[in-house]
Every structure is written in structure tokens, then in C-alpha cells.
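According to the UniProt record's numbering, the sequence shown is numbered sequentially starting from 1.
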Amino acid sequence: MTDRKTASVLAALYAALREVETTPGDAAAVALAKRYAALVDADEAAAVKVGPLLLDCLRELRMTPKARAAVVKGADGDGGKPRSKLDELRERRRQQRTADMDTATS
């Protein structure tokens, strides 16, 4: 049974969506997030299973503090972690090896 003093997850999602920029490509993720939020509102027990799925949708839409911070810090898109100097060095080395292999086979 839902406590009337508890805010609706779906209402909170709609409020948050008004504050973020989404693209037509985000439509499916937005629709899925709305569906998950409605399920959580309808049955609090569903939050155990559906909550993590909703959170994943919110991350994909950059609607969590951690996801927004990753964008600002220049995350690499691999788990939302900022790239370190070592990560950048590894990437350059990988690209150089790929280029060396391409010229060796020509």
C-alpha cells in the first residue's frame, strides 16, 4: 500500500524530464522509464526488481548526478568513469598498433 505522503516516482520523473534535454532517439528510453516508474508507483514491492531497471534508464538519459558528473568530467562512455592519463596512453598505443598492422599487411 502506498503512503500518500510519499511522492509519486512517475510525477518526479515527469518533473525531471522537463529539466533535461532529450532527443527523438531517447524516446524509447523515456517511454521505458515512464513504464518502470508507473510500476513502482502501483506496487512498492516491484521497486526491488524494477527500481534498478529504472535507474539504468535514468543513467542512459543522463538523469542521475553520477551520469551528469561523468559528462562534465569527460567520461569515456565505458561505465561512466572519467578517463585517466593512463587510459589515454593505452588508447593511443592501441591505435598505433592497429595502424602499424594495417601498413604491415599492405
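Heads up, the beta-carbon is just placed ideally off N, CA and C, and yes, glycines get one too.
- Here alanine 33 really is in contact with leucine 54; their C-beta atoms are around 6 Å apart, less than 8 Å.
- A straight-line Cα-Cα distance of about 11 Å links leucine 13 and arginine 35.
- For the pair alanine 47 and alanine 38, the Cα-to-Cα distance works out to about 10 Å.
- Distances from the CA of glutamate 60 to each of Arg18, Gln96 and Gly25 were compared; the closest alpha carbon is that of Gly25.
- Under the criterion of beta carbons closer than 8 Å, valine 9 and leucine 17 do not qualify as touching, at roughly 12 Å.
- Only exposed fits valine 72, as fewer than 16 other CB atoms lie within 10 angstroms of its CB.
- Minimum Cα-Cα distance from arginine 62 among the listed residues Glu19, Thr6, Ala11 and Thr98 corresponds to Glu19.
- A buried status is given to alanine 70, since no fewer than 16 other beta-carbon atoms sit within 10 Å of its beta-carbon.
- Under the three-state reduction of DSSP, alanine 7 is assigned to coil, being neither helix nor strand.
- Under the three-state reduction of DSSP, aspartate 56 is assigned to helix.
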